[in-house]
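Take any residue in the sequence shown, note its place counting from 1, add 69, and you have its number in this note's numbering.
In this text, a Cβ means the ideal position worked out from N, Cα and C, and glycines have one as well.
Since we're looking at a predicted model, the values are computed, not measured.
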Amino acid sequence: MVESPPFPFVTSAYRIKHATEAWEQAGAAALRRLVFCTEQGLFQGSDRDAIDDVATTIVALSDLCGMPDAVVGTVRIHQPQPGFWIGSRLAVAEEHRRAGTLGPALIRMAVCTATAMGCLRFSAHVQSQNALLFRRMRWKTVEEVLLHGMPHHHMQADLAHYPPIHDGSLGFMALPRRAA
Numbered sequence: 070m071v072e073s074p075p076f077p078f079v080t081s082a083y084r085i086k087h088a089t090e091a092w093e094q095a096g097a098a099a100l101r102r103l104v105f106c107t108e109q110g111l112f113q114g115s116d117r118d119a120i121d122d123v124a125t126t127i128v129a130l131s132d133l134c135g136m137p138d139a140v141v142g143t144v145r146i147h148q149p150q151p152g153f154w155i156g157s158r159l160a161v162a163e164e165h166r167r168a169g170t171l172g173p174a175l176i177r178m179a180v181c182t183a184t185a186m187g188c189l190r191f192s193a194h195v196q197s198q199n200a201l202l203f204r205r206m207r208w209k210t211v212e213e214v215l216l217h218g219m220p221h222h223h224m225q226a227d228l229a230h231y232p233p234i235h236d237g238s239l240g241f242m243a244l245p246r247r248a249a
């Protein structure tokens, strides 16, 4: 009888980058469906909308022996008018939420990407349970609203804390937090 290991495998690093490959786009769509349709029940069948046709998709890829393994986090950004950017559909796979770095890394990549493209204002509608994370990352609440039947904070980023990242296809590495 083979026993399972006492702890599940946890990747030693994540690559945060723009989704440039078809499998990355497909993985981001599947993760969004899992989080927003299955887990949260906010949408029926799919959360896809017209914004997906113009948005830049950003992904967090788990690392396996130095190679990208799977999409374990995602967010999308788009520019509805010059200088004004919006982030939406931030999602992290349940088994990777304990890493503690994926949400902040995806947010950082989203805002730094927009900053590199001339962003003057970056905002997002953030589920209320996640507002504290955004406040810690130098965002402020503009107003509280109800979206898809759930309380949200309409928030704006303090762009002074988000230097431009010009090569989103390369991105950056994020390490999971380690317990002491």
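request  = Provide the residue(s) that pair with R84 in DSSP beta bridges, ordered along the chain.
outcome  = Partner(s): L130 and M242.
request  = Return the residue from the list D118, E164, E163 and Q148 that minimises the CA-CA distance to C188.
outcome  = The shortest Cα separation from C188 among D118, E164, E163 and Q148 belongs to Q148.
ask   = Does DSSP put Q109 in a helix, a strand or coil?
value = In the three-state reduction of the DSSP assignment, Q109 falls in the coil class.
ask   = Between the Cα of G96 and the Cα atoms of A200, A160 and D236, which residue gives the shortest distance?
value = The option with the nearest alpha carbon to G96 is A160.
query = Nearest to C181 by CA position, among A82, E163, A226 and M219, is which residue?
reply = That would be A226, whose Cα lies nearest to the Cα of C181.
query = By DSSP, does P220 sit in helix, in strand, or in coil?
reply = DSSP places P220 in strand when its eight states are reduced to three.
task = Figure out for me which residue from M186, S192 and R167 has the closest Cα to the Cα of I176.
result = The shortest Cα separation from I176 among M186, S192 and R167 belongs to S192.
key: CB of L111 within 8 Å of CB of H217, strictly   = Yes; because the gap between Cβ atoms is below 8 Å, this pair is in contact.
query = Considering only residues of the same chain and omitting the five flanking positions on each side of Y231, which have a CB-CB separation below 6 Å?
reply = Cβ neighbours of Y231 beyond the five flanking positions: V180, C181 and T184.
task = Output the distance between the C-alpha atoms of E164 and Q196, rounded to the nearest integer angstrom.
result = Separation of E164 and Q196 (C-alpha to C-alpha, rounded to the nearest whole angstrom) is 20 Å.
message = In the DSSP output, which residue or residues are listed as bridge partners for S192?
response = DSSP output for S192 lists I155 and Q225 as bridge partner(s).
key: First through last residue of the beta strand (DSSP E) which encompasses G142   = M136 to Q150 is the span of the beta strand (DSSP E), which, as asked, contains G142.
message = If I measure Cβ to Cβ from H235 and keep anything under 7 Å in the same chain, skipping five residues before and after, which residues do I get?
response = Here H235 has A185 as same chain residues with Cβ atoms under 7 Å from its own Cβ, once five neighbours each way along the sequence are excluded.
ask   = Any idea what DSSP makes of E90, helix, strand or coil?
value = E90 carries a coil assignment under DSSP once its states are collapsed to helix, strand and coil.
task = Look at the alpha carbon of G142 and the alpha carbon of C106, and state the distance between them as a whole number of angstroms.
result = If I take the Cα positions, the gap works out to 15 Å.
inquiry  = Once DSSP output is grouped into helix, strand and coil, what is the label at V214?
reply    = In the structure shown, V214 falls within a strand segment according to DSSP collapsed to helix, strand and coil.
ask   = Nearest CA to the CA of I127: which residue from M178, C134 and G169?
value = Of the listed residues, the one whose Cα sits closest to I127 is M178.
message = By the DSSP assignment, the alpha helix (DSSP H) with P173 in it spans what residues?
response = Segment L171 to A185, the alpha helix (DSSP H) holding P173.
task = Quick one: residues in its chain with C-beta nearer than 6 Å to the C-beta of A174, no 5 flanking neighbours on either side, listed in chain order?
result = Counting only Cβ-Cβ distances below 6 Å, and skipping sequence neighbours, we find I85 and A243.
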